[in-house]
Each structure stands twice: as C-alpha cells, then as structure tokens.
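Using this note's numbering, read the sequence shown as starting at 83 and increasing by one per residue.
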Amino acid sequence: MPKAIMLMSGGVDSSVAAYLLKKEGYEIIGIHFKTVEDIIFSLIPEKKKVCCSPSDTNDALKVSNDIGLDDFKVISIKEEFKEKIIKYFIEEYSKGKTPNPCMLCNRYFKFGKAFDIMKELNADIVVSGHYVISEFSEKHNTYVIKKGIDEYKDQSYFLSMVKKEYLDKMYFPLGKLKKEEIRKIALNLGLTVAKKPDSQELCFIPDNNYVRYLKDAGLKIKEGNVLNLNGEVIGTHSGYTNYTIGQRTGIKYFKNASSKLYVYKLNSEKNEVTVAPKEKLYFTQMIVNKLNMFVEIEDKNVLCKIRKRNEEKKVKVIKINKNELKVIFEEPVFAITPGQFATFYDEDGIVLGSGIIQKYLED
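Quick look at the structure:
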C-alpha cells in the first residue's frame, strides 16, 4: 500500500483532499504544522479567518479521526518559522518592499519540511488541498504544476517557489474540482469543517494590522516627507513601512493635489514616499531575481503574473545572469511592486517558474 504525507490545515480543503486520498487506497499520515504560539490568538483577536490557530489544530485532529487516517502528527516549526518567514517579512518591510510570506512558507515548510518528513517515514508522496494540478509534461519533458480548473481558487501562483526536486512527489486531489464541489462533499460526509470559512490573513498577524505588528517587532516607524515627481515636499506620511506601491490612501497633503495621487516609490533610507498620478505607475519593464525555475524561459515569450488576483500578461524574458532576469511586458502594467513575486506560465497554464521582483525600470 502506498504511503502519503497529508498536510492537514484543519480547513475544508485539506479535509476533503484527505478523504479522496483515502478512497484511492493510500496509507495516510496527517501532519499539522504549528507556526506560532497559541497565546497569540488569545491576545490578538482574528479579524478574519487565519490558519494555524488552536481551533485549526483541533479541527485537523477531529477530521483525521473521523476520516480514519492511519496516523496524525502535530509538528512545531515555531523557531524555524520565526527565522525564515517572520524575520524575512520584517526585513523586507524595513527596506521599503512588500513581501509575500506565504510563498516562502510553502517552499520551506508546507512542502520543504513535509518532504523531510516523507523521507524520514519512508512515504511515497506529499499531498495537500491546494487547487492546482501536478503532472508530467511531455511538452516540457519534466514534472510540472499547472493551474487548477477552478480559476477563482487556483493556487498555482502560491506554489511557484517550491523546489523543482519535489514536483514528481506532489499530489493535489482537488486540482480538477471546484470549491462548491468540495463543500458539497464535506456536507455529505458530515464533516464539522464543511462550512468553515477559508483562511484570509497571515497566521502571525491575526488582526491583519501590519502597522501594529511592525511597531511591536521593533521597527522605528516615524513620519516623513511625501514628494512629488519633481522632488518637492507636498505632504507627510505616517511611516514608509505603512505603504505599498500603487496605494492611494493615508497621505496628509500640505498642498491641494490637482489629481488623485498614488504611491510611486518608497525610500527607506530617507524615510520618503514619492507619489504620482496613476498614469505614471504603468511600467513595461522589471528586474526579477532569486529565481526558482521549473523550465528554462530566458529569451522566450511567456506569460507573467505579478500578484495573486492579476491576470497573466504577455512578456519577453531576457537572461541577465543565472539568477536574474529582465522582463519586458507587451503592454504597460500597473504598480509593479518590489518584494512581490513574479510567476511565469505558458499558454496552457503550466507554471514555468518564479522569482522576486527587485525593481521596476522607469521608461
């Protein structure tokens, strides 16, 4: 009987994925990661549903018992998570960038740590409830992940930083199903998590208050100057860490602006925020580094997504060096944001790789 490591979050998706996996005849070892101390959820109330809370642990255990998994393990990764994810999150904001910690959590823990456990327990695959498809691509002659059929729930963007060496051992039972089907299966099974809302916020910031969190983390956040594109001081901001490229709110202007202004650039060294009319935030070129490629794409025309809810745009990719690309968009795109991830796709929805946006290039 093949053995699977099943990532159990305590949500409806992983619960139904575990049920479907059991129907396929796998011996299943459920694992549930603890990323932060439980007391955080007592001190800071959740604004919206987050993952990794004490209630999630209880739900994961109950569902594992109800479905009849062969084993279930709660694994603390608190210290490693603090070092690799929380530290990165704080450092990126201190540099005036906008990080995406979930991408690296998937790389290092949900799959990285899970694969270590797979090897330790002599299991065959790692399985999760993500809405993606894993398969061997004849076209690219390698194992790949591609978009799930539920376009709204597709999570391929978030898995684009997992290591290539894991791809042939990853399995996603929900990739060819839609969310409403998952809810229906859970209801029919009588699972207690059938109507549980999806996680929406970062597990280590339950109230979604980044300003509070960064202050508590020791960042010295203070007011500074707001500049226009001519370098003239036109207002004040509450701290550059409170803003992201493309943002339009939270600025106190000294002078009446003739048009609505958006955050154009963040200067962490000078504690300055530069703003500009919206049309000035459309760019055609960016530099992407810290690459994680599944398929080589340099000097090719592919598709690129620069944030979760954006559509992919046509781009040409030019190799600068082994870990850096210049990306040229066919049409200008709004608010290219340093620190966010750029994920590359082919026309069939196959993920070709990913990297971190270092900077946009001003035309």
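C-beta atoms are modelled at their ideal positions from N, C-alpha and C, and glycine is treated no differently.
Sequence-distant Cβ neighbours of residue 151 in its own chain, meaning closer than 6 Å and more than five residues away, are 110 and 112. In this structure, the beta-carbon distance from residue 260 to residue 232 falls below 8 Å.
Between residue 419 and residue 327, the C-beta spacing is below 8 Å.
Residue range 382 to 387 is occupied by the beta strand (DSSP E) that includes residue 386. In the DSSP assignment, residue 308 forms a beta bridge with 317 and 355. As the crow flies, the alpha-carbon of residue 134 is around 42 Å from that of residue 310. In terms of Cα proximity to residue 377, the closest of 392, 323 and 218 is 218. The C-alpha of residue 95 lies about 7 Å from the C-alpha of residue 264. The C-alpha of residue 252 lies about 5 Å from the C-alpha of residue 208.
Residue 280 places its beta carbon 8 Å or farther from that of residue 126. If you keep only unbroken beta strand (DSSP E) runs of at least 3 residues inside the stretch 143 to 230, you get 153 to 158, 207 to 209, 214 to 219 and 224 to 229. Counting every other CB atom within 10 Å of its CB across the protein chains shown gives residue 243 a total of 16 or more, marking it as buried. Excluding five sequence positions before and after residue 222, the CB atoms of its chain that fall closer than 6 Å to its own CB belong to 377, given in chain order. When secondary structure is reduced to three states using DSSP, residue 443 falls in the strand class. Residue burial annotation: residue 415 is buried, with at least 16 other C-beta atoms found within 10 angstroms of its C-beta. Only buried fits residue 323, as 16 or more other CB atoms lie within 10 angstroms of its CB.
DSSP places residue 270 in the uninterrupted alpha helix (DSSP H) bounded by 261 to 271. For residue 422, the closest C-alpha among the options 240, 192 and 282 is that of 240. One Cα belongs to residue 159, the other to residue 168, and the distance between them is close to 12 Å.
Rounded to whole angstroms, the separation of the alpha carbons of residue 442 and residue 367 is 6 Å. Contact annotation: residue 430 and residue 228 have beta-carbon atoms nearer than 8 Å. Annotated as proximal: residue 99 and residue 255, with beta-carbon spacing under 8 Å. Counting of Cβ neighbours within 10 angstroms places residue 331 among the exposed residues, the total staying below 16. Distances from the CA of residue 363 to each of 122, 329 and 433 were compared; the closest alpha carbon is that of 329. For residue 371, the closest of 292, 407, 84 and 200 by C-alpha to C-alpha distance is 407. A distance below 8 Å separates the beta carbons of residue 117 and residue 163.
The Cβ atoms of residue 273 and residue 145 lie closer than 8 Å to each other. Taking a C-beta distance under 8 Å as the contact criterion, residue 386 and residue 394 qualify as a contact pair. In the DSSP assignment, residue 113 falls within the beta strand (DSSP E) that extends over 109 to 116.
Counting the other Cβ atoms within 10 Å of the Cβ of residue 124 gives fewer than 16, which makes it exposed. DSSP places residue 426 outside any alpha helix (DSSP H); the residue lies instead in the beta strand (DSSP E), whose first and last residues are 423 to 427.
About 14 Å separates the beta carbons of residue 196 and residue 103, which is beyond the 8 Å limit, so they are not a contact pair.
The C-beta of residue 83 has fewer than 16 other C-beta atoms within 10 Å across all chains shown, which makes the residue exposed.
In the structure shown, residue 417 adopts coil according to DSSP, grouped into three states. Distance from residue 216 to residue 249 at the Cβ level is roughly 7 Å; contact confirmed, criterion being Cβ atoms closer than 8 Å. Distance from the CA of residue 320 to the CA of residue 333, rounded to the nearest whole angstrom, comes to 8 Å.
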